[in-house]
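In mature numbering (1 follows the signal peptide of the UniProt record, and there is no 0), the protein residues as written are -27 to -1, 1 to 482.
We put the CB at the ideal spot given by N, CA and C, even for glycine.
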Amino acid sequence: MAAKSRAWFCSIFIALFVVSSISSVTAGDEGESKDEPSSVLTLDASNFDEAIAKHPFIVVEFYAPWCGHCTKLAPEYEKAASLLSKHDPPIILAKVDANENVNKELASKYEVKGFPTLKIFRNEGKNVQDYKGPREADGIVEYLKKQVGPASAEIKSSEDAANVITEKKVIIVGVFPEFSGEEFENFITVAEKLRSDYDFSHVSDAKLLPRGDSLVKGPIVRLFKPFDELFVDSQEFKVEALEKFIEVASVPIVTTFNKDPANHPFVIKFFNSNNAKAMFFLNFSSEQFDAFKSKYHEVASTFKGKGISFLIGDLDASQGAFQYFGLKEDQVPLVVIQENDGKKYLKPNVEPDQISTWLKEYTEGSLKPFRKSEPIPEVNNEPVKVVVADNLHDVVNSGKNVLLEFYAPWCGHCKKLAPILDEVAVSFEKDSDVIIAKMDSTANDIPSEFNVRGYPTLYFSSASGKLMQYEGGRTAEDFINFIKENKDSTGQSQTPVQPEPTIEAKDEL
Ligand SMILES: *[C@@H]1O[C@H](CO)[C@@H](O)[C@H](O)[C@H]1NC(C)=O
């Protein structure tokens, strides 16, 4: 279940940030030049463990050759690897082609759910963290240099403090009279654990901190944040309690999604959360914006700790989200709620005063879910039938044998498969028991019984309702043989067949 919700997150995340560039994705190679020696280490299942054991600090990119963002990252990653190759202590950048069959187990071991995924391996792989830094060379270098240094940096002067505590980020500062003892050690443990998410510092004199003069001697942890109440203190020093404090205190009541990159870490956190997600999209430049914003904030405050996270998104930055959720600009201002199982609820053209009531109805379970679907095609006479979200269940449960492809228009492998599926469909044209169908999964919601993590994904549903993922070969012959072996008679064919033994009959045997 957890794996499933994470998969959801990945696709949402991709949709929000990158749909605009996804359309330019072509099926191609990593785009590296074969002539120059690479500073990036190429790993695979055979040498992976050895490399992780050998290098105390190594970053691994899991990529797929067809992934456009991987192609875009490649030259930056290469440049960063070259810049970092002489760093002391060493920082090694490596990559794994997660699309290769031999490497799929590695990718699954490290929970790679989207591409590119970058992971930092420390201490012979005993400590594995997600890379959450920038994706251009200088940013990668700067982020990694910081990651390889101490997890918490000491603040020794007001200048240090001013440099560390900026208006843009969550910063966690421990105030300790002495840098020793259980509380300090626990603080450092938490800093090690969460260092890729937050910046940690420690200080012995709280007067060095902004707004610090009234502070007690410590030990105390002060979390600075660029939103809501601006800072929160805690005196929890048990590792788990401190982590929990940081997690809760660092989330804004309402996450802002616009083109400002400073907000993106919070947006990522928003989508990483296991909560239901309420998203309010409107034009930030519109006259009503302030009224809506304060109303939404007010409503969100009343839901704190009740399992719903809140985001407000600028129409201007949200094309990807609109495409992903199947929303239209003339529905703005709108609120959409997405649950972890993918169920969605939509309130288009909302008025400020309706937000609270609508959310109440949502929590009471009295709203009907909303489904993204293309219109059901009126003409559908190509060999491969077009299925949309609104008729998918009718087709799959039609009592026929259905081979169904989930595809994306930009996916190169899907394009390659198209003429093959045509051929398969033509070969079954005389057999009314068999349907070959396809659904554009970027324009239609995929029901939860289909586990679609990449494109193309194929499923076969037999006439009697057995559903299985197709994982066989990709030639027309492979498909045809598979369908012949697995199809059930629908009772419409000429030759009567023995009915499947029922459970009772089997028991009697
Ligand atoms: C948002 O509103 C401003 C001001 O009314 C307008 O100029 C702009 O075109 C709108 N943006 C979108 C994406 O509709």
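> Which first and last residues belong to the beta strand (DSSP E) in which Ser125 is found?
Replying inline: Per DSSP, Ser125 is one residue of the beta strand (DSSP E) stretching across 125 to 127.
> What did DSSP end up calling Tyr104 once you bin it into helix, strand or coil?
Replying inline: Reduced to three states, the DSSP call for Tyr104 is coil.
> Taking the beta strand (DSSP E) that Ser291 falls in, what are its first and last residues?
Replying inline: Neither: Ser291 is in no beta strand (DSSP E) and is coded neither H nor E.
> ligand 1 heavy atoms versus the CB of Leu288: any closer than 7 Å?
Replying inline: Yes, the beta carbon of Leu288 sits closer than 7 Å to at least one heavy atom of ligand 1.
>> How far does the beta strand (DSSP E) with Gly147 in it extend, from its first residue to its last?
In response: Looking at the DSSP string, the run of the beta strand (DSSP E) that includes Gly147 is 144 to 148.
>> Helix, strand or coil, according to DSSP, for Ala71 in the structure here?
In response: Coil, per DSSP.
>> Taking the beta carbon of Ile144 as the centre, do at least 16 other beta carbons fall within 10 Å, making it buried, or is it exposed?
In response: It counts as buried.
> What number of angstroms, rounded off, separates the C-alpha of Phe197 from the C-alpha of Lys77?
Replying inline: Roughly 41 Å separates the two Cα atoms.
> Taking the C-alpha atoms as reference points, what is the distance between Val308 and Glu151?
Replying inline: So the two alpha carbons sit approximately 50 Å from each other.
> Hey, would you say the C-beta of Ser258 is under 7 Å away from at least one heavy atom of ligand 1?
Replying inline: Under cutoff, so the answer is yes.
> How many Å lie between Ile31 and Ala67 at the Cα?
Replying inline: For Ile31 and Ala67, the distance between alpha carbons rounds to 7 Å.
>> For Tyr171, which residues in the same chain have their Cβ closer than 6 Å to its Cβ, ignoring the five residues on either side in sequence?
In response: Closer than 6 Å at Cβ, skipping near neighbours: Val143, Ile145.
>> Looking at the strands, I want to know which residues DSSP matches up with Lys320.
In response: The partner list for Lys320 (beta bridge, DSSP) reads Val308.
> Nearest CA to the CA of Ser329: which residue from Ser246, Phe265, Ser434?
Replying inline: When each option's Cα is compared against that of Ser329, the closest is Phe265.
> Is Ala410 closer than 8 Å to Val352 when the C-beta atoms are compared?
Replying inline: Their beta carbons are not under 8 Å apart, which means Val352 does not touch Ala410 by this criterion.
>> So Ser374 and Asp406 are supposed to be a Cβ contact under 8 Å. How far apart are they, rounded?
In response: Note that residue 374 is Asn in the sequence shown here, rather than Ser. Contact check for Asn374 and Asp406: beta-carbon distance about 6 Å, within the 8 Å limit, so the pair qualifies.
> In whole angstroms, what is the alpha-carbon distance linking Val85 and Phe35?
Replying inline: One C-alpha to the other measures close to 7 Å.
> For Glu378, which beta-bridge partners are listed by DSSP?
Replying inline: For Glu378, which the question treats as bridged, DSSP gives the partners Lys411, Leu431.
> Taking Cβ to Cβ, would you say Leu167 is nearer than 8 Å to Val176?
Replying inline: At a Cβ-Cβ threshold of 8 Å, Leu167 and Val176 do not count as neighbours.
> Should Val399 go down as buried or exposed, given a rule of 16 or more other Cβ atoms within 10 Å for buried?
Replying inline: Residue burial annotation: Val399 is exposed, with fewer than 16 other C-beta atoms found within 10 angstroms of its C-beta.
> For Ile193, which three-state DSSP category applies?
Replying inline: If DSSP states are grouped into helix, strand and coil, Ile193 belongs with the strands.
> Quick one, which of Ser55, Glu97, Ala251 has its alpha-carbon nearest Ala24's?
Replying inline: Selection Ser55, Glu97, Ala251 evaluated against Ala24 yields Glu97 as nearest (Cα-Cα).
> Near Ala110, what residues of its chain come up, given a Cβ to Cβ distance below 6 Å and the 5 sequence neighbours on each side ignored?
Replying inline: Answer for Ala110: Glu49, Lys52, Ala53, listed in chain order.
> Helix or strand or just coil, what does DSSP make of Glu151?
Replying inline: Three-state result, Glu151: coil.
> Which residues in the same chain have their Cβ closer than 6 Å to the Cβ of Asp363, if we skip the five residues on either side of it in sequence?
Replying inline: Scanning its chain for C-beta atoms nearer than 6 Å, with the 5 sequence neighbours on each side dropped, one finds around Asp363 the residues Ser346, Ile349, in chain order.
>> By DSSP's criteria, Val359 is part of a beta bridge. Which residues make up the other side?
In response: According to DSSP, which records beta bridges pairwise, Val359 is partnered with Lys411.
> Shortest alpha-carbon distance to Lys211 belongs to which of Val224, Glu158, Ser12?
Replying inline: Measuring from the Cα of Lys211, the nearest candidate turns out to be Glu158.
> Is it right to say Gly278 is buried, meaning 16 or more other beta carbons lie within 10 angstroms of its own, or is it exposed?
Replying inline: Answer is exposed; the Cβ neighbour count stays below 16.
> Three-state secondary structure (DSSP) at Asp326?
Replying inline: Helix, per DSSP.
> DSSP puts Ile31 in a beta bridge; with which residues?
Replying inline: Per DSSP, the beta-bridge partners of Ile31 are Ile65, Phe94.
> Closest to Val403 by CA distance: which of Pro356, His386, His60 is it?
Replying inline: Rather than Val, the amino acid found at residue 403 in this sequence is Lys. Checked all of Pro356, His386, His60; the closest Cα to Lys403 is Pro356.
>> Rounded to whole angstroms, what is the Cα-Cα separation between Glu260 and Pro238?
In response: Rounded to the nearest whole angstrom, the CA to CA distance from Glu260 to Pro238 is 28 Å.
>> Considering only the alpha carbon of each residue, which of Pro63, Val75, Ile64 lies closest to Phe21?
In response: Distance from the Cα of Phe21 is smallest, within the candidate group Pro63, Val75, Ile64, for Val75.
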